[in-house]
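In short: position in the sequence shown from 1, add 268, done, that's my numbering.
Just so you know, even glycine gets a beta-carbon here, dropped at the ideal spot from N, CA and C.
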Amino acid sequence: MGGLVAALGKNRTKIWVGAVTLLLVFYLVVSFQRSILLLTDSNPAAVAIGAAYLVLPVIGAWALIRELMFGARTEQMAKVLEAEGGLPVDELPRTPAGRIIRAAADAEFEKYRAEAEAAPDDWRSWFRLSCAYDAAGDRKRARASMRDAVRLFRGKVPA
269 MGGLVAALGK NRTKIWVGAV TLLLVFYLVV SFQRSILLLT DSNPAAVAIG AAYLVLPVIG
329 AWALIRELMF GARTEQMAKV LEAEGGLPVD ELPRTPAGRI IRAAADAEFE KYRAEAEAAP
389 DDWRSWFRLS CAYDAAGDRK RARASMRDAV RLFRGKVPA
């Protein structure tokens, strides 16, 4: 039983991703089915709504696949960095509630920003910069840096 609890704790994020993915797939299937029903109706308004409603599952499926691929590639890069001993160590001080102290994250961020500027073609530096952005609370730049890291990891030049 203890091994099961440890395995579940270790894979909690994957379990949640799986659950949310299943819910989204269910929603997409139902949306698609309803749009087909509306498209077969003789009322022009129903057909128009059905056509518009058909776009939602397509966009949802595209977003789902894109996010799952992003997560898989990020995990793959993290495993490579871990094997190389290059993952950033999280030793940042925290508040009693567990949040990272912003000033410390900002100071640590500068180190990783300088590393990325010194080696702009190294996906590892962009991965670590993304982690630093995330620790500093800047999720938008964290994702942008991670997208650059993924492009470099896959052998493409970031935009």
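Three-state secondary structure assigned by DSSP to ARG370: On the sequence shown, residue 370 is found 102 positions in, with the first residue counted as 1. The answer is helix: DSSP assigns ARG370 an H, G or I state.
How big is the Cα-Cα spacing for TYR401 and GLY286? On the sequence shown, position 133 is the one that residue 401 refers to. On the sequence shown, position 18 is the one that residue 286 refers to. For TYR401 and GLY286, the distance between alpha carbons rounds to 26 Å.
So, under 8 Å CB-CB, CYS399 and PRO356 are touching, yes? Tell me the CB distance rounded to an integer number of Å. Translated into positions along the sequence shown, residue 399 becomes position 131. Translated into positions along the sequence shown, residue 356 becomes position 88. Indeed they touch by this definition, with Cβ atoms about 5 Å apart.
Check whether the Cβ atoms of MET345 and ALA410 lie closer than 9 Å to each other. Taking the first residue of the sequence shown as 1, we reach residue 345 at position 77. Taking the first residue of the sequence shown as 1, we reach residue 410 at position 142. Contact: no.
State the Cα-Cα distance for the pair MET337 and ASP374, rounded to the nearest angstrom. Here residue 337 corresponds to residue number 69 of the sequence shown, with the count starting at 1. Here residue 374 corresponds to residue number 106 of the sequence shown, with the count starting at 1. About 29 Å.
What are the boundary residues of the alpha helix (DSSP H) that ARG415 is part of? Here residue 415 refers to the residue found at position 147 of the sequence shown. Counting along the chain, the alpha helix (DSSP H) containing ARG415 begins and ends at 407 to 421.
At least three beta-carbon pairs within less than 8 Å, the stretch 279 to 299 to the stretch 311 to 330: yes
Near ILE368, what residues of its chain come up, given a Cβ to Cβ distance below 7 Å and the 5 sequence neighbours on each side ignored? The residue labelled residue 368 in the question sits at position 100 within the sequence shown. Excluding sequence neighbours, ILE368 sits near LEU360, ARG362 and ALA403.
Whose CA, out of ALA340, GLU378, GLU352 and ALA372, lies closest to the CA of ARG392? Here residue 392 refers to the residue found at position 124 when the sequence shown is read from its first residue. Answer by Cα proximity: GLU352.
What residues match up with ARG362 in a beta bridge as DSSP calls it? On the sequence shown, position 94 is the one that residue 362 refers to. Beta-bridge pairing links ARG362 to ILE368.
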